[in-house]
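Read the structure below first, then the notes.
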Amino acid sequence: MASFRIPAEEYAARRARLMAAMGEGSIALVAAATERVRNHDVHYPFRQDSDFRYLTGFPEPDALAVLRPGHAEPYVLFCRPRDPLMEIWHGRRAGPAGAIERFGADAAYPLDELDQRLPELLEGVERVHYRYGADPALDTRVSGWISALRAKLRSGVHVPRELVNLDALLHAHRRVKSPAELEVMRSAGRISAAGHRRAMQVCRPGLNERRLEAEILHEFALAGAGWSYPAIVGGGDNACILHYTENDAELRDGDLVLIDAGCELDSYAGDITRTFPVNGRYSGPQRALYEVVLAAQHAAMAVVRPGMAWPDYHDAAVRVLTEGLISLGLLEGGVDERIADESYRRFYMHRTGHWLGMDVHDPCEYKDGADWTRLEAGMVLTVEPGLYIAPDAEGVDARFRGIGIRIEDDVAVTADGCEVLSAGVPTAIDDIEALMRDA
Ligand code: GLY
Ligand code: MN
Ligand code: MN
């Protein structure tokens, strides 16, 4: 499992790249996540902040990375000190010495020296880059450090003049994946696909949705992965609830089940949706709608290549979905009219995808200035068209009511097209039926 790791040199290269983009006279402050109480004295499983992990690889909570371009010690890490008693109860800590030895920090200090050292580190700096407005506790501390400097104005200190939101700069770097990141994401796609295959093979009428979730999580865990978001397992019309996570209904003969689940491997997400028949055979109406969604996915993937603007593949999917809705009698009139008045949105209310990376909805921008982002090799996105016919949809052929279908794959843009990272689980009806039959 260690083989999935991003090498230490890559973390160093990421920091160097960010510092080069910030320029001298700047400082960046990037905070680790903190542990959160779930109930009484139990915490949620800890998940590191993606930006912090991207730059440091440091896995512990309650740390602060300081980056100072042009400085002799550009990377300073504040972290929890070693503590034999705490480590017996709660787990190992690197401590400042470990941060230097194992995580490449140029200098490292215990967290309780933050308030003493940060004003010194900020002295003489022009611009402070950090993610303001995201964590009120950090906002208060940064304000406090700047106030501490301002109080010394008469002794000639220079107080930073600009606060810069780090998001745009850093997330522009996160948007294009390195070869090592793509390798981890290939593995995440492969493991996520294996989970979906297993769910298809186990599925039969009478099982609970929870059982399929358990099968998927089992497959992820065996491969050394966790989950990248809570799985959605929706049988029958539960599939029409886009973020259904109750996952506790019985799966019924004759229904479809929609599963949207992905693993997280070394902090990188998979995000796959498949919709398949509980009993292994698609009915006529299910098949008709499914073929429309699959054709939309193929049409969308066909336009994923360098140079295309972000909305192009969504628009390609919308056209095919709208044509299909008209041909099945769910919409009337001409395709261009129905696209223009957006009446397809009654049955297709979400976008066709999002950036994928360390966050399942990677927080990178979709516009560069006023223009939509143009795709580049190394960007990773999902392609996930769907159709959702509400169980109480009025004026709709009853055979289609209560059917929700989404087909979602993870796709890396390549030099001349795209690579499907999640191709390990089929999408074609014949292939899905064969996999379920031969289980
Ligand atoms: N699993 C969330 C999404 O597909 O966007
Ligand atoms: Mn998605
Ligand atoms: Mn998804």
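Using my numbering, you'd call the opening residue of the sequence shown number 737 and step up by one each time. Heads up, the beta-carbon is just placed ideally off N, CA and C, and yes, glycines get one too. The structure presented is a predicted model; accordingly, all values stated were derived computationally and were not measured.
Status (buried if at least 16 other CB within 10 Å, exposed otherwise) for residue i
{"i": "E982", "result": "exposed"}
{"i": "M822", "result": "exposed"}
{"i": "N775", "result": "exposed"}
{"i": "A1038", "result": "exposed"}
{"i": "D1115", "result": "Checking the displayed sequence, the identity of residue 1115 turns out to be Met instead of Asp. M1115 is buried by the Cβ-count criterion."}
{"i": "K913", "result": "buried"}
{"i": "A967", "result": "buried"}
{"i": "E945", "result": "buried"}
Residue i, DSSP secondary structure in three states
{"i": "E1184", "result": "Given that the chain is displayed from residue 737 to residue 1175, the structure contains no residue 1184 and the question cannot be resolved."}
{"i": "N974", "result": "helix"}
{"i": "D785", "result": "coil"}
{"i": "W1091", "result": "strand"}
{"i": "R1110", "result": "strand"}
{"i": "H1086", "result": "coil"}
{"i": "E745", "result": "helix"}
{"i": "R863", "result": "strand"}
{"i": "R988", "result": "coil"}
{"i": "E1101", "result": "coil"}
{"i": "A1186", "result": "With the chain covering 737 to 1175 only, the question about residue 1186 has no answer from this structure."}
{"i": "P872", "result": "helix"}
{"i": "D903", "result": "helix"}
{"i": "D1146", "result": "strand"}
{"i": "P797", "result": "coil"}
{"i": "D1167", "result": "helix"}
Cβ shell of residue i (< 7 Å), same chain only, five flanking positions each side left out
{"i": "R926", "result": "G1160"}
{"i": "G1065", "result": "D1133"}
{"i": "P743", "result": "A916"}
{"i": "R853", "result": "Y845"}
Contact check, residue i vs residue j, beta carbons under 8 Å
{"i": "L1111", "j": "V1040", "result": "yes"}
{"i": "A1053", "j": "A1032", "result": "yes"}
{"i": "P847", "j": "C815", "result": "The identity of residue 847 in the sequence shown is Leu, whereas the question assumes Pro. In this structure, C815 lies closer than 8 Å to L847 by Cβ."}
{"i": "L791", "j": "Y845", "result": "no"}
{"i": "Y1124", "j": "T1088", "result": "no"}
{"i": "L1025", "j": "I1143", "result": "no"}
{"i": "A997", "j": "G931", "result": "yes"}
{"i": "D1167", "j": "I1008", "result": "no"}
{"i": "A975", "j": "L994", "result": "yes"}
{"i": "R1201", "j": "H779", "result": "Residue coverage of the chain in this structure runs from 737 to 1175, which leaves residue 1201 outside it and unanswerable."}
Same chain only: Cβ atoms within 8 Å of residue i, ignoring 5 sequence neighbours per side
{"i": "L1171", "result": "R933, M936, Q937 and P1162"}
Contacting residues, own chain, Cβ-Cβ under 6 Å from residue i (five flanking each side not counted)
{"i": "A1175", "result": "Q937"}
{"i": "R804", "result": "I763 and P810"}
Heavy atom of ligand 4 within 7 Å of residue i beta-carbon
{"i": "H1050", "result": "Of the ligands this structure carries, namely ligand 1, ligand 2 and ligand 3, none is ligand 4."}
Can you give, in chain order, each stretch of the alpha helix (DSSP H) that sits fully within the stretch 915-983 and has at least 4 residues? 915-938 and 945-958
Output the residue ranges of the beta strand (DSSP E) runs that lie fully inside the stretch 801-832 and measure 3 residues or longer, sorted by chain position. 811-815
Runs of 3 residues minimum, wholly inside the stretch 1108-1143: which ones carry the beta strand (DSSP E) assignment? 1116-1119, 1122-1125 and 1139-1142
In chain order, what are the residue ranges of uninterrupted alpha helix (DSSP H) at least 4 long that sit wholly in the stretch 1009-1080? 1020-1037, 1048-1063 and 1071-1076
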